[in-house]
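What follows is one structure encoded as structure tokens, with my remarks underneath.
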């Protein structure tokens with residue numbers, strides 16, 4: 001048994017006799033195979049790493065004892081030299097080419113289809129003299145239309161405009177004189193009215209002697225004075241309303257005159273203004289008559305005192321209501337004349353726009369024809 005299996009102490013002695021240099025070479029070969037070779041491959045120097053590993057280690061003169069199959073207890077066997085694992089040839093790593101940077105693509109702005117864009121490379125050629133002159137004439141024509149064409153019609157001549165202005169100035173002066181005469185007549189009517197009111201008051205006091213109740217006498221006198229005051233105040237108010245309405249109508253007529261100077265057809269507006277003038281004149285006549293009217297209270301007896309006073313009050317109300325109706329008619333007539341002017345202005349604005357658009361279209365068509373002819377010549 002002892003011959004086949006050596007003693008453990010013998011194995012330890014054999015291992016202790018290993019050459020320290022041999023151990024160092026074994027360790028160096030292992031480090032080269034495990035560390036240097038991969039590092040050389042990564043650094044792109046595989047040939048140097050392989051050469052370092054392929055260098056053979058110095059053989060050792062000593063041998064290791066044979067632990068198994070030994071013939072004797074002291075016999076030793078040769079130890080096979082430790083050689084590294086065969087290294088396959090490593091292919092060098094070719095560096096990959098770095099792609100050149102691609103410049104960013106700049107998108108051109110989109111242009112609507114109805115707009116023609118000239119290429120940048122195309123040089124602007126000088127237009128022929130005839131085309132430039134024709135285009136200048138078209139531009140001047142459009143400007144002349146915009147200046148001389150107002151509301152779709154051409155202006156009148158200077159002589160006609162001057163004559164119309166003179167006639168309007170004369171009419172304005174006549175209207176101003178009529179207005180002054182009217183106010184002077186109204187003032188005279190007011191003075192006469194105050195005198196009549198004073199006379200009527202004296203007559204009323206004489207009639208009130210028939211009534212024994214003094215309280216009723218004072219009530220009737222107060223009502224009589226109140227009626228005169230109401231009538232005078234209402235007349236003044238009606239005069240102010242008439243002046244305002246006439247001022248509005250004058251402004252409307254001035255607008256119509258301006259349109260007529262530019263050649264507009266103002267027949268309908270003139271008729272409406274004339275109707276409004278008639279309505280104002282009718283109301284003015286009624287106000288003038290009302291300014292000099294005195295309301296007398298006639299007393300027939302104490303029993304019919306209420307009826308006598310009520311009849312006069314109702315008469316004043318009816319007269320004032322009639323004048324208000326006339327003023328309302330005049331106001332409606334002025335509104336109608338204003339509506340005719342509005343329709344006229346709107347229609348003539350449409351005519352002006354249509355004329356300008358037609359001229360612009362004609363100019364564009366001429367320009368397109370000129371461009372096509374230029375392209376054919378090229």
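In the numbering used here, the protein residues as written are 1 to 378. Think of the CB as a built atom: it goes at the ideal place given N, C-alpha and C, for glycine as much as any other residue. Just so you know, these numbers come straight off a predicted model, no measurement behind them.
(1) Please report how far the alpha carbon of residue 238 lies from the alpha carbon of residue 287, in whole angstroms.
(2) Report the rounded CA-to-CA distance for residue 316 versus residue 289, giving the unit in angstroms.
(3) Measuring alpha carbon to alpha carbon, tell me which of 160, 27, 25 and 29 ends up nearest residue 261.
(4) What is the DSSP secondary structure of residue 280, counted as helix, strand or coil?
(5) List the endpoints of the continuous alpha helix (DSSP H) containing residue 226.
(6) What is the DSSP secondary structure of residue 336, counted as helix, strand or coil?
(7) For residue 205, which of 280, 191, 212 and 221 has the nearest alpha-carbon?
(8) Residue 249 and residue 273 look like a contact to me (Cβ under 8 Å); what is the Cβ gap, rounded to whole Å?
(9) Please work out which residues of its chain come closer than 6 Å, Cβ to Cβ, to residue 181, disregarding the five sequence neighbours upstream and downstream, and give them in chain order.
(10) Output the distance between the C-alpha atoms of residue 210 and residue 337, rounded to the nearest integer angstrom.
(11) Pull up the CB-CB distance for residue 197 and residue 294, whole angstroms please, since I reckon it's below 8 Å.
(12) Please confirm whether residue 191 and residue 297 have their CB atoms less than 9 Å apart.
(13) Suppose contacts are defined by Cβ-Cβ distances below 9 Å. Is residue 247 in contact with residue 344 by that definition?
(14) Can you tell me the Cα-Cα spacing of residue 184 and residue 354, whole angstroms?
(15) What did DSSP end up calling residue 345 once you bin it into helix, strand or coil?
(16) Does residue 301 come out as helix, strand or coil in the three-state DSSP assignment?
(17) Around the C-beta of residue 309, are 16 or more other C-beta atoms found within 10 angstroms, so that it is buried, or is it exposed?
(18) Using 8 Å as the cut-off, classify the Cβ of residue 172 as near or not near the heavy atoms of the ligand MG, replying yes or no.
(19) Between residue 193 and residue 232, which are expected to be in contact by the criterion C-beta below 8 Å, what is the C-beta distance as a whole number of angstroms?
(20) In whole angstroms, what separates the C-alpha of residue 217 from that of residue 280?
(21) Determine the contact status of residue 291 and residue 186, defining contact as a CB-CB distance below 9 Å.
(22) Between the beta-carbon of residue 253 and the beta-carbon of residue 282, is there less than 9 Å?
(23) Helix, strand or coil for residue 310, going by three-state DSSP, please let me know.
(24) How many angstroms separate the CA atom of residue 177 from the CA atom of residue 314?
(25) Does any CB atom of chain C fall closer than 9 Å to the CB of residue 229?
(26) Using a 10 Å radius around the Cβ and a threshold of 16 neighbouring Cβ atoms, would you call residue 34 buried or exposed?
(27) Look up residue 265 in the DSSP assignment and say whether it is helix, strand or coil.
(28) Just the C-alpha distance for residue 350 and residue 162, rounded to the nearest angstrom, thanks.
(29) Out of 226, 208, 267 and 339, which has the shortest C-alpha to C-alpha gap to residue 303?
From the atom records:
(1) The residue you call residue 238 lines up with position 238 of the chain shown. The residue you call residue 287 lines up with position 287 of the chain shown. Straight-line Cα distance between these residues: approximately 7 Å.
(2) As a first step, residue 316 must be located in the chain shown, where it is residue number 316. As a first step, residue 289 must be located in the chain shown, where it is residue number 289. Going by the C-alpha atoms only, they are around 13 Å apart.
(3) In the chain shown, the residue the question calls residue 261 occupies position 261. Residue 261 has its Cα closest to that of 160, out of 160, 27, 25 and 29.
(4) Indexing the chain shown from 1 puts residue 280 at position 280. Note: residue 280 maps to helix in three-state DSSP.
(5) The residue you call residue 226 lines up with position 226 of the chain shown. Residues 214–261.
(6) Indexing the chain shown from 1 puts residue 336 at position 336. In the structure shown, residue 336 sits in a helix (DSSP, three-state: H, G or I).
(7) Numbered from 1 along the chain shown, position 205 holds the residue referred to as residue 205. Closest by alpha carbon: 221.
(8) By 1-based counting over the chain shown, the position of residue 249 is 249. By 1-based counting over the chain shown, the position of residue 273 is 273. With 8 Å as the limit, residue 249 and residue 273 qualify as a contact, their Cβ atoms being about 7 Å apart.
(9) In the chain shown, counting from the first residue as 1, residue 181 sits at position 181. No residues qualify anywhere along the chain.
(10) As a working mapping, residue 210 is identified with position 210 in the chain shown. As a working mapping, residue 337 is identified with position 337 in the chain shown. When rounded, the distance between both Cα atoms is 57 Å.
(11) Position 197 of the chain shown, counted from the first residue, corresponds to residue 197. Position 294 of the chain shown, counted from the first residue, corresponds to residue 294. Sure, about 6 Å apart at Cβ, within 8 Å.
(12) By 1-based counting over the chain shown, the position of residue 191 is 191. By 1-based counting over the chain shown, the position of residue 297 is 297. Cβ distance not < 9 Å, so residue 191 and residue 297 don't count as in contact.
(13) Taking the first residue of the chain shown as 1, we reach residue 247 at position 247. Taking the first residue of the chain shown as 1, we reach residue 344 at position 344. For residue 247 and residue 344, no; Cβs fall outside 9 Å.
(14) Your numbering for residue 184 matches position 184 in the chain shown. Your numbering for residue 354 matches position 354 in the chain shown. About 52 Å.
(15) The sequence position of residue 345 within the chain shown is 345, counting from 1. Reduced to three states, the DSSP call for residue 345 is helix.
(16) Against the chain shown, residue 301 aligns to sequence position 301. In the structure shown, residue 301 sits in coil (DSSP, three-state: anything other than H, G, I, E or B).
(17) Position 309 of the chain shown, counted from the start, is the residue given in the question as residue 309. So residue 309 ends up on the buried side.
(18) Ligands displayed in this structure: none; no statement on the ligand MG is therefore possible.
(19) Counted from its first residue, the chain shown places residue 193 at position 193. Counted from its first residue, the chain shown places residue 232 at position 232. Confirmed, about 7 Å.
(20) Taking the chain shown and counting its residues from 1, one reaches residue 217 at position 217. Taking the chain shown and counting its residues from 1, one reaches residue 280 at position 280. Between residue 217 and residue 280, the C-alpha separation is close to 41 Å.
(21) Here residue 291 corresponds to residue number 291 of the chain shown, with the count starting at 1. Here residue 186 corresponds to residue number 186 of the chain shown, with the count starting at 1. Annotated as proximal: residue 291 and residue 186, with beta-carbon spacing under 9 Å.
(22) Position 253 of the chain shown, counting from 1, holds the residue named residue 253. Position 282 of the chain shown, counting from 1, holds the residue named residue 282. No.
(23) Here residue 310 refers to the residue found at position 310 when the chain shown is read from its first residue. Three-state result, residue 310: helix.
(24) Reading the chain shown from its first residue, position 177 is the one you call residue 177. Reading the chain shown from its first residue, position 314 is the one you call residue 314. C-alpha of residue 177 to C-alpha of residue 314: approximately 36 Å in a straight line.
(25) Of the protein chains in this structure there is only one, and it is not chain C.
(26) In the chain shown, the residue the question calls residue 34 occupies position 34. Looking at its Cβ environment, which holds fewer than 16 other Cβ atoms inside 10 Å, residue 34 is exposed.
(27) For the purposes of this step, residue 265 is identified with residue 265 of the chain shown, where counting begins at 1. In this structure, DSSP gives residue 265 a state outside helix and strand, which the three-state scheme calls coil.
(28) In the chain shown, residue 350 corresponds to position 350, counting from 1. In the chain shown, residue 162 corresponds to position 162, counting from 1. If I take the Cα positions, the gap works out to 28 Å.
(29) By one-based count along the chain shown, residue 303 stands at place 303. Nearest option by C-alpha distance: 208.
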